[in-house]
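Residue numbering for the sequence shown follows my numbering, beginning at 3 and increasing consecutively. Data block below; observations after.
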Amino acid sequence: MAHTGKIREIRNRMIEIFGENCWMGYKVDIKNPFTFHHIFEQRKGGKDLIDNGAILTAFAHSDLNQLDAHCKSLYGELNNLFTELNATKTYPTIEYYKEISYFKTLSDIDKENIGFEYVANNNKKSGLPN
């Protein structure tokens with residue numbers, strides 16, 4: 003099976019388990035489809051497995067990659083949340099999304115230090131208030 007086919011299969015299985023929700027709370031639509039995020043990066047040996055994945059929209063995945071480049075600690079905290087959610091094998095809860103919102107607030111406070119408008123941009127895409 004081709005790599006993209008395997009990832010698509012894993013992502014679709016994760017959607018069955020966790021529901022049709024972006025794990026960063028972004029709105030899913032035709033212009034912002036689901037992607038598979040490797041919690042432990044593939045380039046560093048991370049495997050194509052459900053236990054190493056998070057369901058993100060394309061915009062969320064792009065913003066997460068910006069955090070990886072500009073704010074490693076926040077990137078790591080979000081990956082920790084993804085790992086915790088993955089272990090539940092159930093839909094994200096309101097409490098989970100409150101934690102995600104908390105981290106978005108942190109990034110808003112730190113955005114001047116990390117040099118890009120992470121929260122303002124992703125809240126427009128996600129439908130969350132600034």
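Beta carbons: idealized from backbone N, C-alpha and C, even for Gly.
Compute the Euclidean distance between the alpha carbons of C24 and Q68, then round it to the nearest angstrom. Here the alpha carbons of Q68 and C24 stand approximately 17 Å from one another.
Determine, for G55, whether the minimum Cβ-Cβ distance to residues of chain D falls below 9 Å. Absent from the structure is chain D; it holds one protein chain and no more.
Where L51 sits in the DSSP three-state scheme: Three-state result, L51: coil.
Exposure label - L51; buried when at least 16 CB within 10 Å: Counting Cβ neighbours within 10 Å, L51 comes out exposed, since fewer than 16 surround it.
Taking the straight line between their C-alpha atoms, what separation do you get for K100 and K8? One C-alpha to the other measures close to 32 Å.
Check for me: the beta strand (DSSP E) holding F38 runs from which residue to which? Taken as a continuous stretch (DSSP letters only), the beta strand (DSSP E) holding F38 covers 36-40.
Give me, in chain order, the residues of the same chain whose beta-carbon lies closer than 8 Å to that of R15; leave out the 5 immediate sequence neighbours on both sides. Here the set comprises I52.
Rounded straight-line distance, which links the Cα of H72 to that of I96: Take the alpha-carbon of I96 and the one of H72: they are about 28 Å apart.
Which same chain residues end up closer than 6 Å to H39 when comparing Cβ atoms and leaving out the 5 residues on each side of it in sequence? Taken in chain order, the residues that qualify are A56, L58, H63.
Label R13 either buried or exposed according to how many other C-beta atoms from any shown protein chain fall within 10 Å of its C-beta, with 16 as the threshold for buried. R13 comes out buried.
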